[in-house]
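Reading through the structure tokens given below for one structure.
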Amino acid sequence: MVSDSTLVRQLKDNDTREQAFRALVSLYKARLYWHIRRTVIDHDDTDDVLQNTFIKIYRNIDKFKEESSLFSWMYRIAINESITFLNAKAKRKGIDSTELQESLVANLKADIYFSGDEIQLKLQQAIAKLPEKQKLVFNMKYFEGITYEEMSGILDTSVGALKASYHHAVKKIEHFLTED
Numbered sequence: 001m002v003s004d005s006t007l008v009r010q011l012k013d014n015d016t017r018e019q020a021f022r023a024l025v026s027l028y029k030a031r032l033y034w035h036i037r038r039t040v041i042d043h044d045d046t047d048d049v050l051q052n053t054f055i056k057i058y059r060n061i062d063k064f065k066e067e068s069s070l071f072s073w074m075y076r077i078a079i080n081e082s083i084t085f086l087n088a089k090a091k092r093k094g095i096d097s098t099e100l101q102e103s104l105v106a107n108l109k110a111d112i113y114f115s116g117d118e119i120q121l122k123l124q125q126a127i128a129k130l131p132e133k134q135k136l137v138f139n140m141k142y143f144e145g146i147t148y149e150e151m152s153g154i155l156d157t158s159v160g161a162l163k164a165s166y167h168h169a170v171k172k173i174e175h176f177l178t179e180d
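Take the UniProt record's numbering: the last position of the sequence shown gets the number 180, and nothing is skipped along the way.
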């Protein structure tokens, strides 16, 4: 397995760029897919956003200053692409982002790529109701196990603020799941 610094060096070298990019996609495609999927919910939309994310990574690798990890930098691009995509989709439909999230979750049951049960569907409904920042922090911590320190680097937010966001998100989700 090649190190990130070696991979970045190869990506920035025109002679090794194509091969290094294939390796990068192979290494990170699944992780980025699931991160994007938790944000945009729909499988086909996720594929579109993932493709846009990798295009942006390819075009901007020379601007990567290696002040953060390669994954953190790519993750930030994926977050931005996901949010941009959802905002554009909501605007096209003439609804706000919360309404869009709720409609996407409502369609999840019919999605052939969703293999969850009723409890997982209810959890997704609860997450859809969270404010954007809380949703992002909850998904990163709960589903992906990203530490607050890593999140701080990715989201450029203090650890304390991230812990507070996660705590509020958990409380809101618990309330949603226990109300009848």
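Yeah, the Cβ is synthetic: ideal placement off N, Cα and C, and Gly gets one too.
CA nearest to the CA of residue i, picked from the options
i	options	result
Thr-53	Arg-76, Glu-67, Asp-62, Lys-63	Arg-76
Tyr-113	Lys-129, Phe-21, Arg-38	Arg-38
residue 188	Arg-9, Glu-132, Val-137	As shown, the chain starts at 1 and ends at 180. That puts residue 188 outside it, with no answer to give.
Tyr-166	Glu-179, Ile-127, Leu-24	Ile-127
Lys-29	Ile-119, Glu-150, Leu-50	Leu-50
Phe-85	Asp-42, Ser-68, Asn-139	Asp-42
Phe-71	Leu-177, Asn-139, Thr-178, Ser-5	Ser-5
Ile-55	Met-74, Glu-67, Ser-69	Met-74
Sub-7 Å separation of residue i and residue j beta-carbons
i	j	result
Val-105	Gln-134	no
Tyr-148	Lys-163	yes
Lys-12	Asp-48	no
Ala-90	Leu-130	no
Ala-78	Leu-32	yes
Counted within 10 angstroms of its Cβ, other Cβ atoms place residue i as buried (16 or more) or exposed
i	result
His-175	exposed
Ser-26	exposed
Ala-88	exposed
Thr-46	buried
His-35	buried
Ala-110	exposed
Ile-173	buried
Val-2	exposed
Val-159	exposed
Ile-154	buried
Gln-19	exposed
Ser-82	buried
Lys-93	exposed
Phe-143	exposed
Alpha helix (DSSP H) segment containing residue i, residue limits
i	result
Gly-94	That residue, Gly-94, is in no alpha helix (DSSP H); it is neither H nor E in DSSP.
Met-151	148 to 155
Gly-160	159 to 178
Lys-141	Here Lys-141 belongs to no alpha helix (DSSP H), and DSSP marks it neither H nor E.
Leu-123	118 to 128
Val-49	43 to 60
* Counting only runs that start and end within the segment 12 to 40, where is the beta strand (DSSP E) found for 3 or more residues in a row? -> For the segment 12 to 40, not a single whole beta strand (DSSP E) run of length 3 or above is found.
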